[in-house]
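Written out below as structure tokens is the structure these notes cover.
This is the structure we're talking about:
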């Protein structure tokens with residue numbers, strides 16, 4: 006029996022995660038992500054894979070983020086006919102995120118055809134909403150810590166990775182003539198002390214380890230988030246305006262709601278408007294799957310934080326527009342987190358010229374995004390084809406990352422009982438992976454940073 010790995014994404018970058026594990030003639034794909042970000046990466050989504058999707062026997066998805074699940078509709082469209090295995094919350098989140106991803110692609114293709122700027126005529130989406138919905142019956146769910154077989158020789162088990170609701174690390178055991186060979190795929194690991202998501206669980210054994218390295222060169226600085234948000238609210242009161250928070254719908258919005266709820270235990274509350282249909286759908290899942298995160302109904306306060314009387318969910322476009330008439334003492338949370346699209350744009354269009362208002366970003370802003378321009382101090386940004394002058398105060402608070410920092414990654418891997426035969430650092434920019442690899446190499450580990458489409462033999466003739 007030969008066991009090989011081929012990196013079809015998530016190698017040398019933080020996007021497009023796809024790891025093809027081959028056990029003799031059995032092909033198992035770990036994650037099926039879409040490439041995002043830079044154009045040179047996005048173009049890979051249109052490339053043919055070096056293996057026909059019909060030749061893949063099973064797919065495992067660690068969590069719902071589009072860079073780990075967003076290629077699935079195209080994968081099925083191009084011939085895959087098997088099952089997709091994930092945790093229960095991941096299934097529901099995948100259905101929400103893939104539907105939204107398909108809608109955005111349809112809208113972008115329609116806009117490109119209308120403006121005539123596409124190289125292709127007509128411009129087409131990678132996949133449609135119908136394509137996305139067609140895969141949902143193939144998604145099979147599994148409980149954490151409960152093994153299941155995808156092949157007579159291949160056994161899979163999920164354990165908690167933190168990061169987002171339902172996120173899993175994956176243990177793959179291959180039964181060979183020379184005993185059991187254990188491979189561990191970390192997925193995306195969350196920070197260990199996130200108040201919302203469960204801490205990552207430690208792997209006990211790994212003959213081969215695949216570990217993310219998003220923050221392989223950095224640790225997260227400790228920050229009193231409640232105090233920071235309290236200061237911003239007090240400043241907003243002094244300015245006599247509102248706070249607008251661009252936030253991602255999955256994980257970040259719910260974490261912000263948690264911190265606002267905590268702050269409002271000590272100061273007078275004010276209305277919070279969650280203006281993102283996707284964030285509203287995701288928040289419902291946090292309420293449904295309470296056993297998969299830390300938040301429980303508070304017996305003293307008498308209700309779940311997502312049902313607090315000061316939290317209002319905005320579902321209709323007409324309701325969203327009305328928020329622009331509110332002058333002060335309100336918090337508006339809307340997507341997207343980098344202000345690249347969504348309802349946040351019309352809030353920024355109306356709020357940026359108002360010097361009383363505060364625009365509060367909550368984390369990393371990619372180069373080229375509207376959010377990056379704003380936090381870098383641009384005097385104006387283009388929204389809806391118009392230059393909008395920035396008079397509102399723009400700030401960016403950190404400390405809300407959903408990824409483990411360098412020391413947390415090292416601590417996680419330190420719990421493996423003996424060093425793996427090989428450790429592959431994935432899902433990281435080169436400088437992050439290299440810094441983490443150096444640290445792990447200093448303790449005697451055999452570390453490899455793979456390239457895109459590179460193949461390795463893990464075991465031969467076992």
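In the numbering used here, the protein residues as written are 6 to 467.
Glycine residues also receive a C-beta, built at the ideal position from the N, C-alpha and C atoms.
No experiment lies behind these values; they were computed from the predicted model shown.
Query: Which stretch, first to last residue, makes up the alpha helix (DSSP H) that contains residue 27?; Result: Premise fails: residue 27 lies in the beta strand (DSSP E), 23-28, not in any alpha helix (DSSP H).
Query: Whole angstroms are fine: how far does the CA of residue 452 sit from the CA of residue 292?; Result: 40 Å
Query: Compare the Cα-Cα distances from residue 393 to each of 401, 413 and 359 and report the closest residue.; Result: 359
Query: If the criterion is Cβ atoms closer than 8 Å, does the pair residue 464 and residue 186 meet it?; Result: yes
Query: For the beta strand (DSSP E) that contains residue 380, what are its first and last residues?; Result: Note, residue 380: premise wrong, no beta strand (DSSP E); alpha helix (DSSP H) at 375-380.
Query: Does DSSP classify residue 12 as helix, strand or coil?; Result: strand
Query: Is it a yes or a no for the region 277-294 touching the region 256-263, going by three-plus beta-carbon pairs under 8 Å?; Result: yes
Query: Applying the criterion that 16 or more other CB atoms from any shown protein chain within 10 Å of the CB defines a buried residue, is residue 341 buried or exposed?; Result: buried
Query: With contact counted as at least three CB pairs below 8 Å, one residue from each stretch, are the region 198-205 and the region 419-430 in contact?; Result: no
Query: State buried or exposed for residue 273, treating a residue as buried only when at least 16 other CB atoms are found within 10 Å of its CB.; Result: exposed
Query: From what residue to what residue does the alpha helix (DSSP H) around residue 258 run?; Result: 257-268
Query: Is the number of C-beta pairs between the region 442-458 and the region 85-98 that are closer than 8 Å three or more?; Result: no
Query: For the alpha helix (DSSP H) holding residue 345, just list the boundary residues, first then last.; Result: Element bounds for residue 345: n/a, residue is neither H nor E.
Query: Give a yes or no on contact between the region 57-75 and the region 98-116, applying the rule of three or more CB pairs nearer than 8 Å.; Result: yes
Query: Please classify residue 200: does DSSP put it in a helix, a strand, or coil?; Result: coil
Query: By Cβ distance below 6 Å, which residues in the same chain neighbour residue 471 in space, the five residues on each side in sequence not counted?; Result: Residue coverage of the chain in this structure runs from 6 to 467, which leaves residue 471 outside it and unanswerable.
Query: Do the CB positions of residue 181 and residue 19 come within less than 8 Å of each other?; Result: no
Query: Please go through the same chain and pick out, in chain order, the residues whose beta-carbon is closer than 8 Å to the beta-carbon of residue 267, but skip the five residues on each side of it.; Result: 231
Query: Which of helix, strand or coil does DSSP assign to residue 388?; Result: strand
Query: Enumerated in chain order, which unbroken segments of the beta strand (DSSP E) with a length of 3 residues or greater are wholly contained in the region 60-85?; Result: 63-65
Query: Within a Cβ cutoff of 6 Å, which residues of the same chain sit near residue 178, ignoring the five residues on either side of it in sequence?; Result: 160, 185 and 187
Query: Where do the N-terminal and C-terminal ends of the alpha helix (DSSP H) with residue 288 fall, by residue?; Result: 282-293
Query: What's the call for residue 332, buried or exposed, on a 16-neighbour Cβ count within 10 Å?; Result: exposed
Query: Thinking just about the alpha-carbon of each residue, which of 66, 316, 128 and 237 is nearest to the one in residue 162?; Result: 66
Query: According to DSSP, is residue 318 helix, strand or coil?; Result: strand
Query: Within 10 angstroms of its Cβ, does residue 10 collect 16 or more other Cβ (buried), or is it exposed?; Result: buried
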